[in-house]
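**Student:** If you read the sequences in order, they're chains A and B. Under the working numbering, think of the first position of the first sequence as 23, with each following residue one higher. Under the working numbering, think of the first position of the second sequence as 1446, with each following residue one higher. One structure, as structure tokens, below. Some questions next.
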Amino acid sequence: MFYRLSGTFHTNYQADRKLWKIPADRWQIIIVFVLALLAPLYVSPLYLGSYVLPWVIWSAAALSLTLLMGMAGQLHFGFAAVMAIGAYSSIHLVRAGIPFEIALLLSGIIAAVIGAIFGAAALRVKGLYLVMATLAMQYLVDWVVVNVPWISGGAHATLRTPAVSFLFMDISSLASRYWLALAWAALITIFYLNVKRTSFGRSLVAIRDKDFAAAVIGVDPFKTKLMAFFTSSFLGGVSGAILAFCYYRAVTPEQFGFNVSIQLVAMVLVGGLGSVIGSYLGAGFVLLAPIFLTNLIAGLASSGWVPVSQNFLSHLPLMIYGAMIIGFLLFEPLGLAKIYDNIRKYFLVWPFRHARS
Amino acid sequence: MNWMRRTALSAALVAGMAVQAPAEEVKFGLLQDFTAVYTFVTGQYNQGQRDYLTLINEEGGIDGNTFTAIVRDTGNQPQRGIEAYNRAKEEGAILFDFLSTPVSAAILDQADADARVVITPAHGRGDASDGTVFPYVFPMMATYWAQAANLIEFMKTNGGGIEGKKIAIVHIDSPFGREPMPILDALAEQEGFEYRAFPYASPGNEQSAAWSEVRRYRPDFVLIWGAGGGQAVSVRTAIQNGIAPEQIHSVIWLAETDAANVGPQMKGVKRFEATASGADHPIIQRIQEKVIATGKGSGEEANVGNSYYNLGVATMAVAVEAARLGLEGGEPLTGETLKAGFEKIAGYDAEGLMPPVTITAEDHQGGGAGRVSEWDGEAWVPVSEWHAAYPELVRKVIEESAAHYGEGN
């Protein structure tokens, strides 16, 4: 139908190596990006500040994690700790007088170094054992943040982000915070799409599929695994800093607890391991579905449709949410991205049945 | 909210005939954690809050103004709290109670900017008591610092002096668990006692390691500082380690449920309380009569009169009193007029349910009075009078910490 593959030929290398080869895909991307860019103009502050902004930031975080879990196949159950390192370092660096732009980069590097140290466990262990090692990171970082008042900000363990500007743009209004977050998400997205096509990306995939087979064909597992943790933690650290400065603006240890790590893993899994659009869909689902369900159920309850106690009323959205996760994964184990892919493929060859790609 | 609106409107109609001022619907956002960490308190606490608002509406509201509670679950997640706050703000809520430290922390600055009142009764930042730094935040009851001071003073007057004694504080390993330390440091120096902290890992289902250390320390008094399921574990493990129930003193989070979980050995354990428990109070009686008996209650009848239920009632009693005072100027209620109302509260004690509270523009804690009560096997029996302990010292810690916050922390 609207994909119109007929007549689209890639006659030179440049055309064949485009990120989006089909014109219809390009149009969709451009429309979505323009809509996202103009969101502050037509989305009300309620929805921009409580739905779109956190969605964009968490998508960036999910993309950072999916680089490690999806592309390199290394499980990480302590990613919230990586984000915490980024968030806390960026705040302390800005307070120390370092410009925000540089503090963002430095906080990413600090998160990357610490993340890579813990990632070194991946050189020895795999699968569930690696999950344990990364969990240890989560708890160690939590413990250090809570127990070192210098990091967590004193008795109440709340650090407020200082006022900052980014490239001479003042980051205080909702729209400016949103644009900064969007720029970061767009940057990670482009990076991720491209890294898939580099030799680094291919060696990550080789390591994921079988690390000793990768070693046989000349991929150095030591270097590649460490680089995977380093890159992913760098992106996660900056995402954490963006989360602190653009969204929470006051950081407490609970914002980066174990449950947040699990949410991030859920975003990546529900969305579809290693997929870009899956990260966006997964983050949207895990972050926003409970909120939508809570409001929906509360709305139904107040109009007298579900006459139940507040306690049950609060748990009902969680039950539906859990059932939805199970339902989606039963329906399509490869995640929301695969559902999107199926729909796209259906229309690619519509009105025929089978897709080639 | 249709049925609420209907009851509210009909109540407003009835009341509106007597008063000339245009009656309005005052909205309070009770956006709390019903599903994650604070579940041990939220259910009963929120039930008390809503029943009290229903009672006020049944009695005709305040000058015909009726009260509506916007209740949402935040699951203790800041991003859900922010969403619920923004939504309730659009719906017109002027007062918020989050009953969650991370959610409150993420919203404090925004609420200040939006001029919306945030109440943090018996939880939240102690330094928010300094109204000059936190204009829109009202702890309005004894903060954790005032609670610690009150318990120490009780040990001093009722435990035969405190000089040279040893106190063990067994606390959950979190910022909340560490909160009383500044007060304990200052008091240890002033009163000449020795204390040592024994943290246990969150959520506190297993504390034997900490308590065998406590046993070796041989304390004269024990202070337990946790919340939820961990509290019953603390009391039980303490008794197993040879500590007498009479030696155990708890932060405000110890209630009937915990006593039921511990069993008969609990007798003699003491805790701080900011509101009286039991149903034998004029306000609770009226709730029984006009709300519960007529089927308008918001939860199980068995909870009425519980510690946390009464705490919820008291918070709304203070808030409604603030609304009454805020309306005295003849202007409609907004965040600003409600804040002004709070700061006019003088000697209000919710008909004996709580100690008299006087809130000023500087002191948003309202004096920080409370008392100690003891579990007698059936109920919590007060063993001291309502009063504020070491108010100057507590105030000093509040101001130091608030100044620190003003600088950016």
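All C-beta atoms, glycine included, are put in the ideal place defined by N, C-alpha and C. Keep in mind the model is a prediction, meaning the values are calculated, not measured.
Measure the beta-carbon distance from Gly-296 of chain A to Gly-100 of chain A and round it to whole angstroms, keeping in mind my assumption that it falls under 8 Å.
**Tutor:** Here residue 296 of chain A corresponds to residue number 274 of the first sequence, with the count starting at 1. Here residue 100 of chain A corresponds to residue number 78 of the first sequence, with the count starting at 1. About 19 Å separates the two Cβ atoms, so there is no contact after all.
**Student:** Output yes or no for whether 8 Å exceeds the beta carbon distance between Ile-1693 of chain B and Lys-1715 of chain B.
**Tutor:** The sequence position of residue 1693 of chain B within the second sequence is 248, counting from 1. The sequence position of residue 1715 of chain B within the second sequence is 270, counting from 1. Cβ atoms of Ile-1693 of chain B and Lys-1715 of chain B: closer than 8 Å.
**Student:** Can you pull the chain A residues whose beta carbon is under 9 Å from the beta carbon of Ile-1527 of chain B, in chain order?
**Tutor:** By one-based count along the second sequence, residue 1527 of chain B stands at place 82. Per Cβ cutoff of 9 Å: Gly-71, Ser-72, Pro-76, Tyr-269, Tyr-270.
**Student:** Can we say the segment 112-119 of chain A touches the segment 233-247 of chain A, given the rule of at least three CB pairs closer than 8 Å?
**Tutor:** Verdict: no, contact absent.
**Student:** According to DSSP, is Glu-1624 of chain B helix, strand or coil?
**Tutor:** Stepping through the second sequence from its first residue, residue 1624 of chain B is reached at position 179. Coil at Glu-1624 of chain B, not helix or strand.
**Student:** Could you compute how far the alpha carbon of Glu-123 of chain A sits from the alpha carbon of Glu-1691 of chain B?
**Tutor:** For the purposes of this step, residue 123 of chain A is taken as residue 101 along the first sequence, with counting starting at 1. For the purposes of this step, residue 1691 of chain B is taken as residue 246 along the second sequence, with counting starting at 1. So the alpha carbons of these two residues sit roughly 58 Å apart.
**Student:** Indicate whether Asp-1554 of chain B and Arg-182 of chain A have their beta-carbon atoms separated by less than 8 Å.
**Tutor:** Along the second sequence, read from residue 1 onward, the residue named residue 1554 of chain B stands at position 109. Along the first sequence, read from residue 1 onward, the residue named residue 182 of chain A stands at position 160. Contact flag set, yes.
**Student:** Let me confirm a value: Leu-1475 of chain B is counted as buried when at least 16 other C-beta atoms fall within 10 Å, else exposed. Which label applies?
**Tutor:** Counted from its first residue, the second sequence places residue 1475 of chain B at position 30. Answer is buried; the Cβ neighbour count reaches 16.
**Student:** Please report the distance separating the alpha-carbon of Pro-1584 of chain B from that of Val-186 of chain A.
**Tutor:** One-based indexing of the second sequence puts residue 1584 of chain B at position 139. One-based indexing of the first sequence puts residue 186 of chain A at position 164. So the alpha carbons of these two residues sit roughly 30 Å apart.
**Student:** What residues from chain A crowd round Ser-1752 of chain B, counting only those whose CB sits closer than 7 Å?
**Tutor:** To locate residue 1752 of chain B, count along the second sequence from 1; it is residue 307. Correct list: empty, because the minimum Cβ distance to chain A is about 18 Å.
**Student:** For Trp-1820 of chain B, which three-state DSSP category applies?
**Tutor:** Stepping through the second sequence from its first residue, residue 1820 of chain B is reached at position 375. Note: Trp-1820 of chain B maps to strand in three-state DSSP.
**Student:** On a CA-only basis, which of B:Ile-1728, B:Ala-1631, B:Glu-1852 is nearest Asp-1794 of chain B? Give me that one, please.
**Tutor:** Counting from one through the second sequence, the residue named residue 1794 of chain B turns up at place 349. Taking only the C-alpha atoms, the option nearest Asp-1794 of chain B is B:Ile-1728.
**Student:** Can you give me the C-alpha to C-alpha distance between Pro-1827 of chain B and Ala-1791 of chain B, rounded to a whole angstrom?
**Tutor:** Here residue 1827 of chain B refers to the residue found at position 382 of the second sequence. Here residue 1791 of chain B refers to the residue found at position 346 of the second sequence. Looking at the two C-alpha atoms, the distance is approximately 24 Å.
**Student:** Thinking Asn-1748 of chain B and Gln-1492 of chain B are a contact (beta carbons under 8 Å), I'd like their distance in whole angstroms, please.
**Tutor:** As a first step, residue 1748 of chain B is located in the second sequence; it is residue number 303 there, counting from the start. As a first step, residue 1492 of chain B is located in the second sequence; it is residue number 47 there, counting from the start. Asn-1748 of chain B to Gln-1492 of chain B, Cβ: 6 Å. Contact.
**Student:** Determine, using beta carbons only, whether Val-170 of chain A and Ala-106 of chain A come nearer to each other than 8 Å.
**Tutor:** Indexing the first sequence from 1 puts residue 170 of chain A at position 148. Indexing the first sequence from 1 puts residue 106 of chain A at position 84. For Val-170 of chain A and Ala-106 of chain A, no; Cβs fall outside 8 Å.
**Student:** Considering only their Cβ atoms, is the gap separating Ala-1567 of chain B from Leu-1699 of chain B smaller than 8 Å?
**Tutor:** In the second sequence, counting from the first residue as 1, residue 1699 of chain B sits at position 254. In the second sequence, counting from the first residue as 1, residue 1567 of chain B sits at position 122. Against a cut-off of 8 Å, the Cβ pair of Ala-1567 of chain B and Leu-1699 of chain B comes out as no contact.
**Student:** Out of curiosity, what's the CA-to-CA distance linking Lys-1741 of chain B and Ile-1732 of chain B?
**Tutor:** In the second sequence, counting from the first residue as 1, residue 1741 of chain B sits at position 296. In the second sequence, counting from the first residue as 1, residue 1732 of chain B sits at position 287. Using only the alpha carbons, I get a separation of about 10 Å.
**Student:** Checking contacts by CB at 8 Å: is Arg-1641 of chain B closer than that to chain A?
**Tutor:** Residue numbering aside, residue 1641 of chain B sits at position 196 when the second sequence is read from its first letter. Answer no: the Cβ-Cβ gap between Arg-1641 of chain B and chain A never drops below 8 Å.
**Student:** Tell me the residue span of the alpha helix (DSSP H) that contains Glu-1504 of chain B.
**Tutor:** Along the second sequence, one-based indexing puts residue 1504 of chain B at 59. Per DSSP, Glu-1504 of chain B belongs to no alpha helix (DSSP H) and is neither H nor E.
**Student:** Name the chain B residues whose beta carbon is nearer than 9 Å to that of Ala-320 of chain A?
**Tutor:** Numbered from its first residue, the first sequence carries residue 320 of chain A at position 298. Going along chain B in sequence order, the residues near Ala-320 of chain A (Cβ under 9 Å) are Met-1446, Ile-1515, Val-1516, Arg-1517, Asp-1518.
**Student:** Whole angstroms is fine: what's the gap from Leu-352 of chain A's alpha carbon to Ile-361 of chain A's?
**Tutor:** Along the first sequence, one-based indexing puts residue 352 of chain A at 330. Along the first sequence, one-based indexing puts residue 361 of chain A at 339. Whole-angstrom Cα-Cα distance: 12 Å.
**Student:** Is there a Cβ from chain A that is less than 8 Å from the Cβ of Val-1839 of chain B?
**Tutor:** Mapped onto the second sequence, residue 1839 of chain B falls at position 394. Not an interface residue.
**Student:** Mapping DSSP to helix, strand and coil, what is Glu-1796 of chain B?
**Tutor:** The count along the second sequence starts at 1 and reaches residue 1796 of chain B at position 351. Helix.
**Student:** Determine the burial state of Asp-1542 of chain B: buried for a count of at least 16 other Cβ atoms within 10 Å of its Cβ, exposed for fewer.
**Tutor:** If you number the second sequence from 1, residue 1542 of chain B lands on position 97. Classification of Asp-1542 of chain B: buried, given that the 10 Å Cβ count is 16 or more.
**Student:** Going by beta-carbon coordinates alone, are Val-1667 of chain B and Ala-1654 of chain B separated by less than 8 Å?
**Tutor:** Counting from 1 along the second sequence, the entry for residue 1667 of chain B is found at position 222. Counting from 1 along the second sequence, the entry for residue 1654 of chain B is found at position 209. Contact: no.
**Student:** Alpha carbon to alpha carbon, how far is Thr-316 of chain A from Pro-339 of chain A?
**Tutor:** Counted from its first residue, the first sequence places residue 316 of chain A at position 294. Counted from its first residue, the first sequence places residue 339 of chain A at position 317. Their Cα atoms are separated by approximately 6 Å.
**Student:** What number of angstroms, rounded off, separates the C-alpha of Glu-1651 of chain B from the C-alpha of Ala-1806 of chain B?
**Tutor:** In the second sequence, the residue the question calls residue 1651 of chain B occupies position 206. In the second sequence, the residue the question calls residue 1806 of chain B occupies position 361. If I take the Cα positions, the gap works out to 43 Å.
**Student:** According to DSSP, is Ala-155 of chain A helix, strand or coil?
**Tutor:** For this step, residue 155 of chain A is matched to residue 133 along the first sequence. Helix at Ala-155 of chain A.
**Student:** Is Ser-1657 of chain B a contact residue of the ligand COA, with contact defined as CB to any heavy atom under 7 Å?
**Tutor:** Ligands are entirely absent from the displayed structure, and the ligand COA is therefore not among its contents.
**Student:** Could you say if the segment 284-291 of chain A and the segment 263-273 of chain A meet the contact criterion of at least three C-beta pairs nearer than 8 Å?
**Tutor:** Counting Cβ pairs under 8 Å, fewer than three are found: no touch.
**Student:** Determine, for Ser-1455 of chain B, whether the minimum Cβ-Cβ distance to residues of chain A falls below 8 Å.
**Tutor:** The residue labelled residue 1455 of chain B in the question sits at position 10 within the second sequence. Only weak support exists for where Ser-1455 of chain B lies, its pLDDT of 49 falling under 50; the value from the coordinates is given anyway. Closer than 8 Å: no.
**Student:** Report yes if the C-beta distance between Leu-70 of chain A and Ser-254 of chain A is below 8 Å; otherwise report no.
**Tutor:** Taking the first sequence and counting its residues from 1, one reaches residue 70 of chain A at position 48. Taking the first sequence and counting its residues from 1, one reaches residue 254 of chain A at position 232. The answer is no: Cβ separation not under 8 Å.
**Student:** If we count Cβ pairs, one from each stretch, closer than 8 Å, do we get three or more for the segment 1582-1597 of chain B versus the segment 1809-1816 of chain B?
**Tutor:** Judged by Cβ distances under 8 Å, the segment 1582-1597 of chain B makes contact with the segment 1809-1816 of chain B, as three or more pairs qualify.
**Student:** Looking at Ala-158 of chain A and Leu-152 of chain A, is the spacing between their C-beta atoms short of 8 Å?
**Tutor:** Against the first sequence, residue 152 of chain A aligns to sequence position 130. Against the first sequence, residue 158 of chain A aligns to sequence position 136. Not a contact, by the Cβ cut-off of 8 Å.
**Student:** Once DSSP output is grouped into helix, strand and coil, what is the label at Pro-45 of chain A?
**Tutor:** As a first step, residue 45 of chain A must be located in the first sequence, where it is residue number 23. Note: Pro-45 of chain A maps to helix in three-state DSSP.
**Student:** Please state whether the Cβ-Cβ distance between Tyr-1640 of chain B and Ile-1612 of chain B is less than 8 Å.
**Tutor:** Within the second sequence, numbered from 1, the residue matching residue 1640 of chain B stands at position 195. Within the second sequence, numbered from 1, the residue matching residue 1612 of chain B stands at position 167. Closer than 8 Å, so yes.
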